[in-house]
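This report refers to the structure that appears directly beneath it.
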Amino acid sequence: MKQLLVIFGSTSTGKTDLALKLAEKFNGELVACDSRQVYVGLDIGTGKAPSSKFKIQNSKFKKGNKFWEFNGVKIWMYDVTDPGKQYTVYDYVKDAERIIDEIFKRGKLPIIVGGTGLYLKALLEGLSNLAIPMDQKLRNSLETLSRDELQKKLQKISPQKWQQMNYSDRQNPRRLIRAVEIASTNFTSDGGPKGLLRGGFKTLKIGLTAPRQILYRRIDERVINRMNQGMLDEAERLRKTGMTFKRMRQLGLEYGVLADYLEGKIKNKNELIRVLQGKIHGFARRQITWFKKASLPAGREKNTFWFDITEKEFAGRVENLVAKWYD
RNA sequence: CCGGAGGUGGCAGAGUGGUUAAAUGCUCCAGACUGUAAAUCUGGCGGGGUAACCCUACGAAGGUUCGAUCCCUUCCCUCCGGA
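Shown next, in the form of C-alpha cells:
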C-alpha cells in the first residue's frame with residue numbers, strides 16, 4: 001500500500017528541518033504545502049531556505065528544475081508559478097497530486113510539509129466545490145458591489161446557501177462572492193479532485209506545537225534573521241521586476257509589511273520588525289485555530305500524533321514512530 | 001534658574017464639565033473559513049460577577065462645582081529652547 005507522511009503545524013515550529021531529517025533516514029522527498037512558497041522569487045520571506053543552523057551543517061544545496069535540493073533531499077512545490085499570478089487551492093491540489101505520484105514511481109516516500117491548512121485538507125480529503133471554476137468576469141463585477149448588496153444578491157439567488165453561512169462568513173465579501181459564483185454557475189461537476197486519503201493511502205500525520213511564548217520567541221528571532229538574510233533586498237527586487245504594492249499586500253505578511261515600508265508608511269526598520277512580528281504572531285494563532293480541531297477525535301486532522309517541539313528528544317521519538325509505521 | 005510644551009488604559013494616540021470604563025490603531029485573547037487561505041471575516045480586551053450591578057481609573061495632593069479626566073492651586077516627572 002502507498003504510504004504518505006504528513007507533517008504540519010504553525011509557522012516556526014521547525015517542520016521543514018524535521019522533514020529533511022526524516023527524508024534522509026527514510027529515503028523521502030518533501031512536498032511543501034504552503035500557499036506562498038509556490039511562487040518563484042519569494043524565498044527569504046517565505047522561509048524556503050532552511051534555518052541557518054541547518055544550512056551551516058549541510059552545505060550541499062542546489063536548485064533544480066522545479067525543485068530545491070538539500071543534502072540530496074528534494075523539496076517540491078517550491079517555485080511552481082509566477083508571483084504575479086494568482087495561485088489557488090485548486091492549482092495546488094492538481095500540481096501536488098502529480099508530484100506525489102511521481103515520487104511514488106521513484107519508489108520514495110512523499111513527505112508533505114504543510115502550514116496551509118486549507119491546502120492540506122484539500123489535498124488529503126478533497127473539497128466538494130473545488131472543481132467549480134472561478135469566473136473572473138463575474139467576480140470583477142461583484143467586486144464593485146457593497147457588502148450589503150452582495151448579501152442581498154446571494155439571498156435572492158440562493159437562499160439555501162445564505163442559510164448555511166454563519167454570521168462571520170456573511171460579513172465576508174470574499175465568501176459572499178464565491179457563494180454567488182457557485183450559485184450562478186451552470187458548470188456540471190466532474191467531481192474534481194477526490195483527496196488522497198480516499199485513494200487508500202496509508203497515512204501518518206504528525207502535528208507540531210510549541211508553547212505560545214516560545215513560539216512567539218522563535219517567530220521574533222526568525223524575523224530578525226530574515227532581515228539579516230536580505231529580506232528587504234528581496235522585496236526591492238520584486239518591485240524592480242514589476243510587482244505592484246497591491247500585489248505585495250495580497251501576498252501578506254512580510255511582503256505586505258515590506259510594501260508599507262517601501263512606500264514610507266512604516267518609517268524605520270525597528271518599526272518594520274515590530275509590526276511584522278506582531279502580524280506573524282496573529283498568523284500563527286490563526287493556524288493554531290485551524291489545526292486545533294485536530295486534537296479532537298473527530299477533528300479535522302484526526303489520527304494525528306502531536307509533538308511539542310520543546311520536549312526533549314522529540315525528534316528521536318518522531319523517528320521511532322515513523323520507523324514503526326514505514327514498511 | 002527662566003521661557004515654552006506635556007503627563008490618558010500593555011503601547012501609540014484622541015478627547016471633553018455630566019450620555020466616558022474613556023474614540024482610533026497596534027499588541028493580546030477567542031473564533032469562523034469547501035477555489036485569493038501568509039488571504040478574508042467575526043467577537044472580546046481595567047478588575048469582579050451568570051446577571052442586575054459593584055470596585056478601581058485619565059501623574060500626586062488639595063480646591064471650585066450638584067457633578068471633573070476635562071477648570072483653579074501647589075507638588076512631582078518628561079521634553080524643547082534660553083541662561
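Counting in UniProt numbering, the first sequence runs from 1 upward without gaps.
Where is the CB? At the ideal position from N, CA and C, for every residue including glycine.
Could you check what DSSP says for E319 in three-state terms: helix, strand or coil? Reading the first sequence from its first residue, position 319 is the one you call residue 319. The answer is helix: DSSP assigns E319 an H, G or I state.
Cβ-based burial, I157 [other Cβ within 10 Å; buried from 16]: Within the first sequence, residue 157 is the residue found at index 157, counting from 1. It counts as exposed.
Specify the secondary structure class of E271 as computed by DSSP and reduced to three states. The count along the first sequence starts at 1 and reaches residue 271 at position 271. Here E271 sits in helix by DSSP.
Could you say if the stretch 319-327 and the stretch 215-227 meet the contact criterion of at least three C-beta pairs nearer than 8 Å? Taking 8 Å as the limit for Cβ pairs, the verdict is that the stretch 215-227 does not touch the stretch 319-327.
Going by DSSP in three states, L204 sits in which element: helix, strand or coil? Stepping through the first sequence from its first residue, residue 204 is reached at position 204. Strand, per DSSP.
Going by alpha carbons, who is nearest to N172 out of E143, S184 and G200? For this step, residue 172 is matched to residue 172 along the first sequence. It is E143.
Report yes or no: do the stretch 7-15 and the stretch 204-214 share at least 3 C-beta pairs separated by less than 8 Å? yes
Suppose you measure from the CA of N65 to the CA of V40; what does that come to, to the nearest Å? Taking the first residue of the first sequence as 1, we reach residue 65 at position 65. Taking the first residue of the first sequence as 1, we reach residue 40 at position 40. Between N65 and V40, the C-alpha separation is close to 12 Å.
Span of the alpha helix (DSSP H) holding Q250? Stepping through the first sequence from its first residue, residue 250 is reached at position 250. Counting along the chain, the alpha helix (DSSP H) containing Q250 begins and ends at F245 to L251.
Run through DSSP, which three-state label would P110 get? The count along the first sequence starts at 1 and reaches residue 110 at position 110. Look at P110 here: in three-state DSSP terms it is strand.
Should the stretch 84-96 be regarded as contacting the stretch 145-152, the criterion being three or more beta carbon pairs within less than 8 Å? no
Look at the Cβ atom of I206, then the Cβ atom of I7, and state whether they are nearer than 8 Å. As a working note, residue 206 is residue 206 in the first sequence. As a working note, residue 7 is residue 7 in the first sequence. Contact: yes.
Buried or exposed, going by whether 16 or more other CB atoms sit within 10 Å of the CB of M77? Taking the first residue of the first sequence as position 1, residue 77 is located at position 77. The residue is buried, with at least 16 neighbouring Cβ atoms inside 10 Å.
Spatial neighbours of I273 in its chain, beta-carbon cut-off 8 Å, leaving aside the 5 residues before and after: Here residue 273 refers to the residue found at position 273 when the first sequence is read from its first residue. For I273, where only same-chain residues beyond five positions count, the Cβ hits under 8 Å are V223, I224 and M227.
Segment contact flag, the stretch 239-247 with the stretch 255-264, C-beta cutoff 8 Å, min 3 pairs: yes
To the nearest angstrom, how far is it from the Cα of I309 to the Cα of L22? Taking the first sequence and counting its residues from 1, the one referred to as residue 309 is at position 309. Taking the first sequence and counting its residues from 1, the one referred to as residue 22 is at position 22. Near 15 Å, if we compare the C-alpha coordinates of L22 and I309.
Give the DSSP-derived three-state secondary structure of T46 in the structure shown. Residue 46 sits at position 46 when you count from the first residue of the first sequence. Of the three classes helix, strand and coil, the one that applies to T46 here is coil, per DSSP.
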